[in-house]
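Asker: Could you have a look at this structure, given as structure tokens, before my questions?
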Amino acid sequence: MEKNRIKCSLYDSESIDFTTTKMFFGEGRNLQRYDVQKYPYYDQITQRMMSYFWRPEEVSLLRDSSDFQKLTEHESFIFTENIKYQILLDSVQGRSPILTFGQVVTIPELEEAINVWGFFENIHSMSYSYIIKNLYDAPSEVFDEIMINEMIKVRAEDVTNYYNQFYESLALYHAESVDEGGLKVSDERLKRELYLALVSVNILEGIRFYVSFACSFSFAEHQKMEGNAKILKLIARDENEHLALTQRIIMDLREKEEEGFSDIVHSLDHEVYEMYRSAIAQEIEWAEHLFKGKTVIGLNKELLVQYMHYMADRRLHAIGLQPIYGETKNPLKWMKNWLRNDHVEVLPQETEISSYVVGGVDMNFKEVTFDFE
142 MEKNRIKCSL
152 YDSESIDFTT
162 TKMFFGEGRN
172 LQRYDVQKYP
182 YYDQITQRMM
192 SYFWRPEEVS
202 LLRDSSDFQK
212 LTEHESFIFT
222 ENIKYQILLD
232 SVQGRSPILT
242 FGQVVTIPEL
252 EEAINVWGFF
262 ENIHSMSYSY
272 IIKNLYDAPS
282 EVFDEIMINE
292 MIKVRAEDVT
302 NYYNQFYESL
312 ALYHAESVDE
322 GGLKVSDERL
332 KRELYLALVS
342 VNILEGIRFY
352 VSFACSFSFA
362 EHQKMEGNAK
372 ILKLIARDEN
382 EHLALTQRII
392 MDLREKEEEG
402 FSDIVHSLDH
412 EVYEMYRSAI
422 AQEIEWAEHL
432 FKGKTVIGLN
442 KELLVQYMHY
452 MADRRLHAIG
462 LQPIYGETKN
472 PLKWMKNWLR
482 NDHVEVLPQE
492 TEISSYVVGG
502 VDMNFKEVTF
512 DFE
């Protein structure tokens, strides 16, 4: 078995043609150059993500503080459990893309996209801290409760499992690459685990987060916790870009034979379907935990489950797989108002606008269109 198949160094002195090397596990890395690009659409996604830079402090939560005190006990429970879950998942997302995919990416335009992706996930984590500190009398207690909440831990462990498998295999591979002994971690194993980690992230970005978004936006639909919803709308806009990024990576690995993944990933379709079914089953348990036979105005467990099925079928279709639930109608049509950036009906002097773009860049994706609603 060939040694040193993946170059572990951060800099390779040999000349590399980045228009022909592979996305992952390619010839190596040296210059971060963007004058020539193998897949320009990754740079376009990066530029659009960067144009959306924002900070949570731009949104006032003064009214939310008052609204929060007026929530019913059940509403307060749903709001708090939901934001705890979002905190944990974005904590993982803030570090994992760079520490996993970032180790083996070998084209500059995708490397920059992964780096910016992780940066914005950190902004999301800071945003949740900003919300918690402004709404709760004892914010540290809310954070401390996250890691002892079994419902949250079960979901988080399922999400991080694929990250951890790939991360541990990479660590073992790098250690074996400089050892005299034989290699135990094969190319095929690394590719398989990278692909499954990408699918797991795609499910997180495209389904799990949307379940949480629906719970958060349902309050604002009835003029409650609107500052929180403005922040969540900014986060949702970012997650749409991350979803577009992972969808595009998955499709490139599935469709482009030169990337060296096509045979492996198609043999994993059955496992991918099981990942979707498992995630939906967990999210249904979460919905049961949140609602416990009760409802909030405009949302209940049954509607949320229908929405999960609807989103799951759309996500499967977007990565080249067949829908499995047959849910063709969006049961939460009001979500479109929160996921579109052109729906702003307030005057800038009255409140913060959640759809403005700093240094905005108009990107026209001709090769693929992503529909996230």
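Add 141 to a position in the sequence shown, counting from 1, and you land on the number used in the numbering used here. We treat Cβ as the ideally placed atom computed from N, Cα and C, and that holds for glycine. Remember, predicted model here, so these are calculated numbers, not experimental data.
Using C-beta distances below 8 Å, list every residue in its chain close to Y175, excluding the 5 sequence neighbours before and after it, in chain order.
Answerer: Taking the first residue of the sequence shown as position 1, residue 175 is located at position 34. The residues are D184, P249, E250, E253.
Asker: Please state the DSSP three-state secondary structure of F350.
Answerer: Taking the first residue of the sequence shown as position 1, residue 350 is located at position 209. Here F350 sits in helix by DSSP.
Asker: Starting from H407 and walking both ways along the alpha helix (DSSP H), at which residues does that stretch end?
Answerer: Numbered from 1 along the sequence shown, position 266 holds the residue referred to as residue 407. Where H407 is concerned, the enclosing alpha helix (DSSP H) stretches over 403-407.
Asker: By the 10 Å Cβ neighbour count, where 16 or more other Cβ atoms means buried, how is L172 classified, buried or exposed?
Answerer: Your numbering for residue 172 matches position 31 in the sequence shown. It counts as exposed.
Asker: Do the segment 215-226 and the segment 381-396 meet, that is, are 3 or more Cβ pairs less than 8 Å apart?
Answerer: no
Asker: Would you mind giving the Cβ-Cβ distance between D205 and G368, rounded to the nearest angstrom? I have them listed as a contact below 8 Å.
Answerer: As a position in the sequence shown, residue 205 is number 64, starting the count at 1. As a position in the sequence shown, residue 368 is number 227, starting the count at 1. Between G368 and D205 the Cβ distance is about 4 Å, and since that is below 8 Å, they are a contact.
Asker: Quick check for students: name the residue ranges of the alpha helix (DSSP H) that lie wholly in the segment 392-459, counting only runs of 4 or more.
Answerer: 403-407, 410-432, 442-459
Asker: Who are V246's beta bridge partners in DSSP?
Answerer: The residue given as residue 246 occupies position 105 in the sequence shown. Partner(s): F165.
Asker: Quick test of the definition: if touching needs 3 or more C-beta pairs under 8 Å, does the segment 299-309 touch the segment 372-383?
Answerer: no
Asker: What are the start and end residues of the alpha helix (DSSP H) that includes F218?
Answerer: Numbered from 1 along the sequence shown, position 77 holds the residue referred to as residue 218. That run of the alpha helix (DSSP H) goes 214-240.
Asker: Does V177 pass the burial test, meaning 16 or more other C-beta atoms within 10 Å, or should it be called exposed?
Answerer: Position 36 of the sequence shown, counted from the start, is the residue given in the question as residue 177. By the 10 Å Cβ count, V177 comes out exposed.
Asker: Whole angstroms is fine: what's the gap from I239's alpha carbon to A361's?
Answerer: Numbered from its first residue, the sequence shown carries residue 239 at position 98. Numbered from its first residue, the sequence shown carries residue 361 at position 220. The straight-line gap separating the alpha-carbon atoms of I239 and A361 is approximately 34 Å.
Asker: Report back the beta-carbon spacing between L409 and Y336 to the nearest angstrom; my notes put them in contact at under 8 Å.
Answerer: One-based indexing of the sequence shown puts residue 409 at position 268. One-based indexing of the sequence shown puts residue 336 at position 195. Right, the Cβ-Cβ distance comes to about 6 Å (below 8 Å), so this counts as a contact.
Asker: Please classify H407 as buried or exposed, where buried requires at least 16 other C-beta atoms within 10 Å of its C-beta.
Answerer: In the sequence shown, residue 407 corresponds to position 266, counting from 1. Residue environment analysis places H407 among the exposed positions, since fewer than 16 neighbouring C-beta atoms fall within 10 angstroms of its C-beta.
Asker: Please return the same chain residues whose Cβ sits closer than 7 Å to the Cβ of Y271, not counting the five positions on each side in sequence.
Answerer: Here residue 271 is taken as the residue at index 130 of the sequence shown, counted from 1. Excluding sequence neighbours, Y271 sits near P197, E198.
Asker: Can you give me the start and stop residues for the alpha helix (DSSP H) that F209 sits inside?
Answerer: In the sequence shown, residue 209 corresponds to position 68, counting from 1. It spans 203-211 - the alpha helix (DSSP H) in which F209 sits, taken as one unbroken run.
Asker: Drop a sphere of 10 angstroms on the beta-carbon of I135, count the other beta-carbons inside from all chains shown, and report buried for 16 or more, exposed for fewer.
Answerer: What is shown of the chain runs 142 to 514, which leaves residue 135 out entirely.
Asker: How should L151 be labelled, buried or exposed, when 16 other C-beta atoms within 10 angstroms of its C-beta is the threshold for buried?
Answerer: Within the sequence shown, numbered from 1, the residue matching residue 151 stands at position 10. Counting Cβ neighbours within 10 Å, L151 comes out exposed, since fewer than 16 surround it.
Asker: So, with DSSP's three-state summary, where would you put Y277?
Answerer: Looking up residue 277 in the sequence shown gives position 136. The DSSP-derived three-state label of Y277 is coil.
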